[in-house]
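Trainee: Here my numbering = 1-based position in the sequence shown + 1081.
By construction, the Cβ of each residue, glycine as well, lies at the ideal position given by its N, Cα and C atoms.
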Amino acid sequence: MDNRVGVIGASLWTPRLAASLEKHGRLRCSPVSEVMPKDLYRLLTIFGTRTTIRVGFRPGQIRVRGLIIDLVCLLYLLVGGRLVFYWTGSDVQRTAHMLAKPSLLARLWSIPVARKLVGSSRNCVAAPWLVSELNEMGYSATCIPFPTPTETFEEAGADVSEWPAQFTVLSYVPDHNFENYCGPEIVQLARRMPQVDFRVMGGQGEWCSECPGNLKFLGWTDSLEQYLKSVVVLRAVRHDALGGTVREALLCGRHVLYTYPHECTELLPDPSYSADFLGNIEDRLKLFLEKFQCGSLNINHVARGWVSENLSEKVLAKRLVDYLVGEDRV
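#1: Indicate the three-state DSSP secondary structure (helix, strand or coil) for GLU1363 in the structure shown.
#2: Tell me, to the nearest whole angstrom, how far the beta carbon of GLN1276 is from that of LEU1359; I am working on the premise that it is less than 8 Å.
#3: Are TRP1190 and PHE1373 touching if we call contact CB-CB under 8 Å?
#4: Taking the alpha-carbon positions, what's the PHE1369 to ARG1316 distance?
#5: Is the region 1147-1166 in contact with the region 1298-1308, if contact means three or more CB pairs nearer than 8 Å?
#6: For GLU1412, collect the residues of the same chain with a Cβ closer than 6 Å to its Cβ; drop the 5 residues on either side in sequence, then sort them by chain order.
#7: Using C-beta distances below 8 Å, list every residue in its chain close to LEU1215, excluding the 5 sequence neighbours before and after it, in chain order.
#8: Cα-Cα, which of GLY1283, CYS1289, GLN1285, GLU1260 is closest to ARG1272?
#9: When you compare each of LEU1348, LEU1309, GLY1376, GLU1232 to LYS1104 by their alpha carbons, which one comes out closest?
#10: Let me know the secondary structure DSSP gives TYR1253 once reduced to three states.
#11: Just to confirm my understanding: we take ALA1398, look at its own chain, exclude 5 residues before and 5 after, and list those with CB closer than 8 Å. What are they?
#12: Going straight from the alpha carbon of SER1417 to that of ARG1163, what length do you get?
#13: State the DSSP-derived secondary structure class of HIS1343, mapped to helix, strand or coil.
#14: Quick check on VAL1160: buried or exposed, where buried means 16 or more other Cβ atoms within 10 Å of its Cβ?
#15: Should MET1082 go down as buried or exposed, given a rule of 16 or more other Cβ atoms within 10 Å for buried?
#16: Using the Cα positions of GLY1090 and LEU1378, report the straight-line distance between them to the nearest angstrom.
#17: Threshold first: 4 residues or longer. Then list the alpha helix (DSSP H) segments lying entirely within the region 1270-1335, N to C.
#18: Please return the same chain residues whose Cβ sits closer than 8 Å to the Cβ of HIS1320, not counting the five positions on each side in sequence.
#19: Check each candidate in GLY1376, ARG1109, ALA1099, SER1092 and name the one with the smallest Cα separation from ALA1246.
#20: Quick one: grab the DSSP three-state call for ARG1131.
#21: Along the chain, which unbroken stretches of the beta strand (DSSP E) at least 3 residues long are found entirely within the region 1151-1185?
#22: For the alpha helix (DSSP H) containing VAL1388, list its first residue and its last residue.
#23: Thinking LEU1349 and ASN1361 are a contact (beta carbons under 8 Å), I'd like their distance in whole angstroms, please.
#24: Based on the DSSP output, what are the partners of ILE1089 in its beta bridges?
#25: For VAL1337, does the three-state DSSP call read helix, strand or coil?
#26: What does the alpha-carbon distance come out to for the pair LEU1185 and LEU1332?
#27: Are the CB atoms of GLY1325 and ASN1381 within a distance shorter than 8 Å?
#28: Looking at chain D, is there any beta carbon in it that lies within less than 8 Å of the beta carbon of TRP1210?
#29: What does the Cβ neighbour count give for HIS1343, buried or exposed, with the cut at 16 atoms within 10 Å?
#30: What's the C-alpha gap between TRP1094 and TYR1157?
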């Protein structure tokens, strides 16, 4: 088996994926993410590989970096390379929007290029619901969640035997995309439940003009430390891939409320369509709080075991390697 694989695409995901495939899949990867004209030679290294995975970087973008990557990928396919799109979330949503409401430039360039690239490649997605979203665009896909690092959380979760003293709800809301991550709803929830401490990772809350006293924005922080200080993790999001937050929280034995279906979590309604989204969350949290206060709320050990067995970095990286080398046993 040729163990060289090209890894190109989004700056955030490319080096992480390459590191995971090398560590757990014994592949040799040459990740290329920041691609400008002067760096073109680095992108050309994919021509020395049989397979290249393009992660989190949608086709048809009208900017220098996007044009270069699309042109190189078209040439790569032309000379017989095997290209795999690894869709991670917002790239699917933005591609669907481009196809549904195309501009003149999109009709002339973006859509033909996207159709050619995606239609000539294999498609892998990071969450089950992204399969149906790609199906709606006319493409089939295989779901393999992104192999984010989990070892630290697995080790910490194995030692968890008791809850912290304070009932705390932890969420993730990046400042640049706070509406998608239900930031305003979480602020309202904190106001409705002053008896509960709310903590938010991933942003400073720059968008929040009046922050209630029981809500604290942590910015980029030690996520493991915050999981262990929380009881419930609230993943409220309008559009998502399979968030690492969910896996990490479950590995730490936390209880998770999530707006997408996932093993060992409680399913919340769609925030865009629910008539009483906040009331639904508030009712769930009150039940958790009541059990916590009377000492009957157990550490979520069942969830920790299930995630460790099915969604650990090692397990997912090996599944992805099998998929990339054509031994698809997913």
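Mentor: Based on what the coordinates show:
#1: Position 282 of the sequence shown, counted from the first residue, corresponds to residue 1363. GLU1363: helix per DSSP, three-state reduction.
#2: As a first step, residue 1276 is located in the sequence shown; it is residue number 195 there, counting from the start. As a first step, residue 1359 is located in the sequence shown; it is residue number 278 there, counting from the start. No, GLN1276 and LEU1359 are not in contact; Cβ-Cβ is about 16 Å, not under 8 Å.
#3: The residue given as residue 1190 occupies position 109 in the sequence shown. The residue given as residue 1373 occupies position 292 in the sequence shown. Not a contact, by the Cβ cut-off of 8 Å.
#4: Taking the first residue of the sequence shown as 1, we reach residue 1369 at position 288. Taking the first residue of the sequence shown as 1, we reach residue 1316 at position 235. PHE1369 and ARG1316: Cα-Cα distance of roughly 16 Å.
#5: no
#6: Outside the displayed span of the chain (1082 to 1411) sits residue 1412, for which this structure offers no information.
#7: By one-based count along the sequence shown, residue 1215 stands at place 134. Only TRP1168, VAL1173, ASN1204, VAL1206, SER1221, ALA1222 meet the Cβ criterion.
#8: Translated into positions along the sequence shown, residue 1272 becomes position 191. It is CYS1289.
#9: In the sequence shown, counting from the first residue as 1, residue 1104 sits at position 23. The residue with the shortest Cα to Cα distance from LYS1104 is GLU1232.
#10: Translated into positions along the sequence shown, residue 1253 becomes position 172. Strand, per DSSP.
#11: The residue labelled residue 1398 in the question sits at position 317 within the sequence shown. Hits under 8 Å: SER1101, LEU1102, LYS1104, HIS1105, GLY1106, PRO1228.
#12: This structure does not reach residue 1417, given that the chain is present from 1082 up to 1411, and the question cannot be answered.
#13: Taking the first residue of the sequence shown as 1, we reach residue 1343 at position 262. Of the three classes helix, strand and coil, the one that applies to HIS1343 here is coil, per DSSP.
#14: One-based indexing of the sequence shown puts residue 1160 at position 79. VAL1160 sits exposed, since fewer than 16 C-beta atoms from the chains shown fall within 10 Å of its C-beta.
#15: Taking the sequence shown and counting its residues from 1, one reaches residue 1082 at position 1. Low confidence applies to MET1082: its pLDDT is 44, below 50, so where it sits in the model is not reliable enough to give any reading.
#16: Within the sequence shown, residue 1090 is the residue found at index 9, counting from 1. Within the sequence shown, residue 1378 is the residue found at index 297, counting from 1. About 43 Å.
#17: Scanning the region 1270-1335 from its first residue to its last, the whole alpha helix (DSSP H) runs of 4-plus residues come out as 1304-1310, 1325-1332.
#18: In the sequence shown, the residue the question calls residue 1320 occupies position 239. Result list for HIS1320: GLY1170, SER1171, GLN1174, ASN1261, in chain order.
#19: The residue labelled residue 1246 in the question sits at position 165 within the sequence shown. Minimum Cα distance to ALA1246 is reached at GLY1376.
#20: Against the sequence shown, residue 1131 aligns to sequence position 50. Coil.
#21: 1163-1168
#22: In the sequence shown, residue 1388 corresponds to position 307, counting from 1. Its alpha helix (DSSP H) spans residues 1382-1391.
#23: The residue given as residue 1349 occupies position 268 in the sequence shown. The residue given as residue 1361 occupies position 280 in the sequence shown. Between ASN1361 and LEU1349 the Cβ distance is about 6 Å, and since that is below 8 Å, they are a contact.
#24: To locate residue 1089, count along the sequence shown from 1; it is residue 8. Answer by DSSP bridge pairing, in chain order: VAL1113, ARG1135.
#25: Counted from its first residue, the sequence shown places residue 1337 at position 256. If DSSP states are grouped into helix, strand and coil, VAL1337 belongs with the strands.
#26: For the purposes of this step, residue 1185 is taken as the residue at position 104 of the sequence shown. For the purposes of this step, residue 1332 is taken as the residue at position 251 of the sequence shown. Roughly 48 Å between the two C-alpha positions.
#27: Looking up residue 1381 in the sequence shown gives position 300. Looking up residue 1325 in the sequence shown gives position 244. Taking a C-beta distance under 8 Å as the contact criterion, ASN1381 and GLY1325 do not qualify as a contact pair.
#28: The question asks about chain D, but that chain is absent: this structure has only one protein chain.
#29: The sequence position of residue 1343 within the sequence shown is 262, counting from 1. Under this definition HIS1343 is a buried residue.
#30: As a position in the sequence shown, residue 1094 is number 13, starting the count at 1. As a position in the sequence shown, residue 1157 is number 76, starting the count at 1. Going by the C-alpha atoms only, they are around 21 Å apart.
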